[in-house]
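Q: Chains as they are written, first to last, in numbering that gives the first Met the number 0: chain A, 0 to 289; chain B, 0 to 243.
For every residue, glycine included, the Cβ atom is placed at its ideal position computed from N, Cα and C.
It should be emphasised that the depicted structure is a prediction, and the values quoted were computed from it without experimental measurement.
Dumping the structure here so I can ask a few things about it.
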Amino acid sequence: MIGLAAGSLPDDRELATQILTLLRGPRVAAAFACGGLLALAGVLMQTLFRNPLAEPYLLGASGGAGFAALLGMAAGLAWPWVSLAAFAGSLGALALAAALGGRLLARDHTPLLLAGVMLAAGFGALISLVLSIAPAERLPGMLFFLMGDLAWADRPGLLWVALIIASLAAFTLARRLDVLQLSPLKAASLGVAVAPTRWLLFALAGACTSLVVAQAGSIGFVGLMVPHALRRLGLVSHRVLLPAAALAGGSLLVLADALARTVLDPRELPVGVLTALIGVPVMLWLLRRP
Amino acid sequence: MSLFARQLSLYTGTRRLIDALDLSLAPASVLGILGANGAGKSTLLAVLAGLAEPTHGRVELDGQPLAAWPPATRAQYLALLPQEDASGYFGSVADFVALGRFPYNEATTDVGPWLAAWELTALATRPLATLSGGERQRARLAQLAAQDAGIVLLDEPLTHLDPAHQAALLRWVRAEAERGRAMALTLHDPNWAACHCDRLLFLHGDGRWQLGTPADLLTPPSLEALYGPGTAALWQRGTPTLPV
Numbered sequence: 000m001i002g003l004a005a006g007s008l009p010d011d012r013e014l015a016t017q018i019l020t021l022l023r024g025p026r027v028a029a030a031f032a033c034g035g036l037l038a039l040a041g042v043l044m045q046t047l048f049r050n051p052l053a054e055p056y057l058l059g060a061s062g063g064a065g066f067a068a069l070l071g072m073a074a075g076l077a078w079p080w081v082s083l084a085a086f087a088g089s090l091g092a093l094a095l096a097a098a099l100g101g102r103l104l105a106r107d108h109t110p111l112l113l114a115g116v117m118l119a120a121g122f123g124a125l126i127s128l129v130l131s132i133a134p135a136e137r138l139p140g141m142l143f144f145l146m147g148d149l150a151w152a153d154r155p156g157l158l159w160v161a162l163i164i165a166s167l168a169a170f171t172l173a174r175r176l177d178v179l180q181l182s183p184l185k186a187a188s189l190g191v192a193v194a195p196t197r198w199l200l201f202a203l204a205g206a207c208t209s210l211v212v213a214q215a216g217s218i219g220f221v222g223l224m225v226p227h228a229l230r231r232l233g234l235v236s237h238r239v240l241l242p243a244a245a246l247a248g249g250s251l252l253v254l255a256d257a258l259a260r261t262v263l264d265p266r267e268l269p270v271g272v273l274t275a276l277i278g279v280p281v282m283l284w285l286l287r288r289p
Numbered sequence: 000m001s002l003f004a005r006q007l008s009l010y011t012g013t014r015r016l017i018d019a020l021d022l023s024l025a026p027a028s029v030l031g032i033l034g035a036n037g038a039g040k041s042t043l044l045a046v047l048a049g050l051a052e053p054t055h056g057r058v059e060l061d062g063q064p065l066a067a068w069p070p071a072t073r074a075q076y077l078a079l080l081p082q083e084d085a086s087g088y089f090g091s092v093a094d095f096v097a098l099g100r101f102p103y104n105e106a107t108t109d110v111g112p113w114l115a116a117w118e119l120t121a122l123a124t125r126p127l128a129t130l131s132g133g134e135r136q137r138a139r140l141a142q143l144a145a146q147d148a149g150i151v152l153l154d155e156p157l158t159h160l161d162p163a164h165q166a167a168l169l170r171w172v173r174a175e176a177e178r179g180r181a182m183a184l185t186l187h188d189p190n191w192a193a194c195h196c197d198r199l200l201f202l203h204g205d206g207r208w209q210l211g212t213p214a215d216l217l218t219p220p221s222l223e224a225l226y227g228p229g230t231a232a233l234w235q236r237g238t239p240t241l242p243v
């Protein structure tokens, strides 16, 4: 409701209704689904790597998406094609990370982590290269994409279907995820098929992340902060943590997007700026709690 | 239910750790595994638990190769306490212990008895990460006990425990064996091994191994062959270092 209400509306009742149903409604829906998907992906990545600092973009998904999208924009492609390029770039980066570092995933996630972090750094350099040689008039669009911007999102229905499927899939894995927080050897001795489950987590997190970056660019902080904050608030069992993360991630992004649209009205800010501006103080406050 | 290792060989790279080991873990027995650091004790336990592949040979649970068992079913019969810590776990001690019931797919679990048995009741709601090393080791043991498997493999279970809790752990191992479980543990103190194990397996780390009773194997020459010159003084000829 906050998302729908935020921002001014014209006095003309018909025009106001059209703005709400055709523009603001879909955007709020897209924001919620993107936030939910990112927070889910964050939970899955943190469990996969047994590390609270893991986040959806750790393995180069946003770098691959950003590079491919920027190449598309520099070449003058229109939005749906840029979105497809970002989706392919993200999946490509994750596939490359898996091919380079996934061989030992049954026991050790470090090679995958290192391959992903290296790829992310490499794509970061390529993004800088494209930015430095791209035509000046295309730079603002590129920067908004890199910072994350829900103005691009034109498929809220698709995002919601993905959110529902991903939530259900993750929820069916919840008990296994609880056990995977232990060492791989211990998890295996408790009866979890570690390698297939880890690949499933990787694929599910990768699909969620790729879909979001293809629709809204690299919105930061949601996937890192929401799972971490919920765990610090005591939601540890994945049967509770997963649905809570989807709800909290979605709500946070709706709130951030409402602020992004209104604080400097009529100018819009990239929503990624707002998620970080909200997220950093909240995280710091949570870290100070005993 | 028994676990058999047949003609088991373990190599790491070109180094031979164990050659052609035949071993059975029978109900109501305690096997102590001794060897120098790097001799292959942990690798052997992982192979016996079905979580690592031997270079040659095979491990059978109830006559079936371990790989043929569905993981969750296998986990109801065969449990392992690995050496490494549960450092990635965010939850409470009670939740941590409840993970031991994972193979049984229960809707709810009352972990009270296992918490009480390992003196963890007062710590039940504490995050596992805030416990001391020894308290955490007890939580890991409580989780292992909750798994309720007939064959229990423990890799250096005495780590981090104070002497009183070490003695309590070894009493528990003996009591579980008397209730019919097959227990195997790696340990370093020959005196504990003498007091609490029915059989010992010495791993020399170069392919050679010896299997026998404590009376057979705990002699100054064989201890020096296992651990090196001068180490026979560790052995106090059956006198436990603490009352147990």
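1) At which residues does the alpha helix (DSSP H) containing A:Asp-177 begin and terminate?
2) Looking at B:Pro-81 and the ligand ATP, is the gap between the Cβ and the nearest heavy atom below 7 Å?
3) Pull up the distance between the alpha-carbon of A:Leu-118 and that of A:Phe-31, whole angstroms please.
4) By Cβ distance below 8 Å, which residues in the same chain neighbour B:Gly-56 in space, the five residues on each side in sequence not counted?
5) Excluding five sequence neighbours on each side, which residues of the same chain lie with their C-beta closer than 7 Å to the C-beta of B:Gly-133?
6) Taking 6 Å as the limit between beta carbons, can you name the residues of its chain near B:Ala-74, skipping five residues before and five after?
7) Is it the case that the region 22 to 40 of chain A contacts the region 219 to 237 of chain A, given that we only count it when at least three CB pairs across the two stretches are under 8 Å?
8) Are there 16 or more other CB atoms within 10 angstroms of the CB of A:Leu-283, so buried, or fewer, so exposed?
9) Going by C-alpha distance, which of B:Ala-51, B:Leu-152 and B:Ala-144 is nearest B:Val-29?
10) Shorter than 8 Å from the beta carbon of A:Asp-177 to some beta carbon of chain B?
11) Run through the region 109 to 156 of chain B for me and flag every whole alpha helix (DSSP H) of 4 or more residues, listed as ranges in chain order.
12) Check this for me: beta carbons of A:Ser-217 and B:Ala-85, under 8 Å apart or not?
13) Could you check whether the Cβ of A:Gly-190 sits closer than 8 Å to any Cβ belonging to chain B?
14) Mind checking who B:Pro-64 pairs with in its DSSP beta bridge?
15) In angstroms, rounded to a whole number, what distance separates the CA positions of A:Gly-233 and B:Gly-90?
16) Within its chain, find whatever has a CB closer than 8 Å to the CB of A:Ala-228; leave out the 5 residues flanking it on each side and keep chain order.
17) Could you check what DSSP says for A:Ile-218 in three-state terms: helix, strand or coil?
18) Alpha carbon to alpha carbon, what distance is there between B:Ala-97 and B:Ser-131?
19) Between B:Gln-136 and chain A, is there a C-beta pair that is closer than 8 Å?
20) Is the CB-CB distance between A:Ile-132 and A:Leu-145 below 8 Å?
21) I want to verify the contact list: residues of chain B whose CB lies under 7 Å from the CB of A:Arg-174, in sequence order.
22) From the DSSP output, in three-state form, read off B:Gln-75 for me.
23) Mind listing the chain B neighbours of A:Arg-154? Cutoff is C-beta to C-beta under 8 Å, in chain order.
24) Which residues, in order along the region 103 to 131 of chain B, keep a beta-carbon less than 7 Å from a beta-carbon of chain A?
25) With A:Ala-114 and A:Ala-92 assumed to form a contact (beta carbons below 8 Å), what rounded beta-carbon distance in angstroms separates them?
26) Could you give the DSSP three-state label for B:Tyr-103: helix, strand or coil?
27) How is the alpha helix (DSSP H) around B:Tyr-226 delimited, first residue to last?
28) Hey, out of A:Leu-189, A:Leu-104, A:Ala-245 and A:Pro-134, whose CA is closest to A:Leu-70's CA?
29) If we ignore side chains and look at the alpha-carbon of each, how far apart do A:Phe-143 and A:Ala-53 end up?
30) Hey, does B:Arg-57 have any beta-carbon neighbour from chain A nearer than 8 Å?
31) What residue from B:Leu-225, B:Pro-219, B:Ser-221 and B:Thr-185 has the CA that sits closest to B:Gly-204's CA?
32) Just to make sure I have the definition right: I need the residues of chain B whose C-beta is within less than 8 Å of the C-beta of A:Arg-230. Which are they?
33) Give the straight-line distance between the Cα atoms of B:Tyr-76 and A:Leu-203, rounded to the nearest whole angstrom.
34) Can you find a C-beta in chain B that's less than 8 Å from the C-beta of A:Leu-276?
A: Based on what the coordinates show:
1) 173 to 179
2) The ligand ATP is not part of this structure, which contains no ligands at all.
3) 29 Å
4) Ala-4, Arg-5, Gln-6, Leu-7, Ser-8, Ala-19 and Leu-20
5) His-159, Leu-160, Asp-161 and His-164
6) Pro-102
7) yes
8) When all chains shown are included, A:Leu-283 counts as exposed.
9) B:Leu-152
10) yes
11) 111 to 116 and 132 to 146
12) No. Outside cutoff.
13) So, interface residue.
14) B:Glu-59
15) 8 Å
16) Ala-247, Val-281, Met-282 and Leu-285
17) Coil, per DSSP.
18) 19 Å
19) no
20) no
21) Phe-101
22) Correct three-state label for B:Gln-75: helix.
23) Under the 8 Å cutoff, chain B gives no residues; its nearest Cβ is about 34 Å from A:Arg-154.
24) none
25) With 8 Å as the limit, A:Ala-114 and A:Ala-92 do not qualify as a contact, their Cβ atoms being about 10 Å apart.
26) helix
27) 219 to 226
28) A:Pro-134
29) Straight-line measurement puts the Cα of A:Ala-53 at about 24 Å from the Cα of A:Phe-143.
30) no
31) B:Leu-225
32) Those are Phe-89, listed as they occur along chain B.
33) Between the alpha carbons of B:Tyr-76 and A:Leu-203 lies a gap of roughly 32 Å.
34) no
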